[in-house]
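Okay, structure first, notes after.
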DNA sequence: AGGTGGATCTCGGAT
DNA sequence: ATCCGAGGTCCACCT
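Residue numbers (this note's numbering), protein chains in the order written: chain A, 1 to 229; chain B, 1001 to 1229.
Have a look at this one:
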């Protein structure tokens, strides 16, 4: 108990393991019966409750919450809460096998990831012919009333081209997204001239292919760089 | 080292804390410089690397991976890998402040959540007039070529109604989803008769409202039950 | 504070 | 295995 309160007070990362029940009430509500779990309390107000399986925590509280620790009828009770939106997590331990508190010093810079959609965008902007011969990019993140177009440009015949990028295989949602942008451009340029919409991704699902054809949109297969390179 | 290998071998949940570098290569690739982190190795093959901030792990490996531990030039190195897709996580500790291994007994049943989309669906099916007077639900998860319609029914005048449910405030994506279902039904029933598409959610964003009007779709404000109840 | 879309999204269900 | 959509998604970025 003291270790936990001291750890939270001094901005340390606190870990607990033991048999507990968990209750949540906020954006939704949930109950979790008694069982052994690992609890992680971060100095930024994050709380995570992990069982033996699954990548996702079975219960959690996002950053910005306030953790408190108390004893109730001999049981250690950890609560984490916030307002806006109002939500509260309560962890009641029936037994406690382990408590740890660790100072986390610096975090000079975060993780650097390669192979994102931004990398795919850079790759295509440096080699516009990867889309097709004669493609000329004019802008990235070009705003429309429907949202920002990933890459905006013209083709060899001067037609407007809307490119939507995805780093992985895509389904119907990406096609709809592309369609919204093309429709919005038609409206804004109030032209009947052809506007081409091209989806760029490693591959597409069957329904997405049907949707593309249905709406006269195109697909170009392209993967984010520096995989298999 | 022995504690970790024994813990992994006997299907325990293993925790480590220390200064480490992390490398990932697989669906993408990432590098993480030296710093203090909390590592969680689950018996189902999940690996999680947490820094002091954020709800999401800075690096991870999904369930089904194989964890291995080795000493390399005096440093503890944890690797977690899988094939299909091929990806590998490598955690090299420069110092190790803590190692724990915990037996996780039963997990009788998972967490029970209230306030999901399914609850909203049940709520609406029990009280069809919440959508509008005269609404008659006929099916849930009705299949179309574009996917499954949340609730399918008819209105007081016998018109077909497609209902798309969302448990929270929605944006343009939900409108496009509804639109795909309505379009698909038009095609399948090959009728020119009116098919109404109704989005049911607590609220909608501005762009979503525009999209709804643009495509003659409707909105009904409704929240999942048992909040504020 | 809200809107929008990406993510090594994860997860579950269905095919 | 893939497809599809939900999620207390989280998260960064922008207005």
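All C-beta atoms, glycine included, are put in the ideal place defined by N, C-alpha and C.
Taking 7 Å as the CB-CB cut-off, is residue i touching chain B?
i	result
residue 14 of chain A	no
residue 44 of chain A	yes
residue 220 of chain A	no
residue 29 of chain A	yes
residue 32 of chain A	yes
residue 93 of chain A	no
residue 69 of chain A	no
residue 78 of chain A	no
residue 64 of chain A	no
residue 17 of chain A	yes
residue 184 of chain A	no
residue 55 of chain A	yes
residue 52 of chain A	yes
How about residue i: is its C-beta nearer than 7 Å to some C-beta of chain A?
i	result
residue 1023 of chain B	no
residue 1098 of chain B	yes
residue 1229 of chain B	Note that residue 1229 of chain B scores a pLDDT of 46, beneath 50, so its modelled location is shaky; the value from the coordinates is reported in the next line. Judged by the 7 Å Cβ criterion, residue 1229 of chain B is not in contact with chain A.
residue 1088 of chain B	no
residue 1193 of chain B	no
residue 1212 of chain B	no
residue 1107 of chain B	yes
residue 1004 of chain B	no
residue 1111 of chain B	yes
Tell me the residue span of the beta strand (DSSP E) that contains residue i.
i	result
residue 1070 of chain B	1066–1072
residue 144 of chain A	136–144
residue 1046 of chain B	No beta strand (DSSP E) holds residue 1046 of chain B; DSSP gives it neither H nor E.
My understanding is that residue i touches residue j, with C-beta atoms under 8 Å, so please give their C-beta distance in whole angstroms.
i	j	result
residue 67 of chain A	residue 58 of chain A	Contact doesn't hold; Cβ gap of about 18 Å is too wide.
residue 978 of chain B	residue 1026 of chain B	Chain B is shown from 1001 up to 1229; residue 978 of chain B falls before or after that span and cannot be answered.
residue 1073 of chain B	residue 1081 of chain B	Not a contact, Cβ separation roughly 21 Å.
So, residue i versus residue j, is the Cβ gap smaller than 7 Å?
i	j	result
residue 37 of chain A	residue 20 of chain A	yes
residue 1179 of chain B	residue 1146 of chain B	no
residue 93 of chain A	residue 12 of chain A	no
residue 163 of chain A	residue 183 of chain A	no
residue 1165 of chain B	residue 1121 of chain B	yes
residue 211 of chain A	residue 170 of chain A	no
residue 1136 of chain B	residue 1116 of chain B	no
Which residues share a DSSP beta bridge with residue i?
i	result
residue 36 of chain A	A:19
residue 1215 of chain B	Paired residue(s): none; residue 1215 of chain B is not in a bridge.
residue 1225 of chain B	Answer is none; residue 1225 of chain B lacks a bridge partner.
residue 25 of chain A	A:29, A:88
residue 174 of chain A	Bridge partners of residue 174 of chain A: none, in fact.
residue 130 of chain A	Answer is none; residue 130 of chain A lacks a bridge partner.
residue 1209 of chain B	Per DSSP, none; premise fails for residue 1209 of chain B.
residue 55 of chain A	Bridge partners of residue 55 of chain A: none, in fact.
residue 111 of chain A	In DSSP, residue 111 of chain A forms no bridge with anything.
Given the structure, does residue i come close to the ligand ZN, in the sense that its CB is under 6 Å from one of the ligand's heavy atoms?
i	result
residue 23 of chain A	For the ligand ZN, the structure offers nothing, since it holds no ligand at all.
Within the continuous alpha helix (DSSP H) that includes residue i, where are the two ends?
i	result
residue 1190 of chain B	Premise fails: residue 1190 of chain B is in no alpha helix (DSSP H) and is neither H nor E.
residue 1122 of chain B	1117–1126
residue 1104 of chain B	It is not in any alpha helix (DSSP H) - residue 1104 of chain B carries neither H nor E in the DSSP assignment.
residue 4 of chain A	2–9
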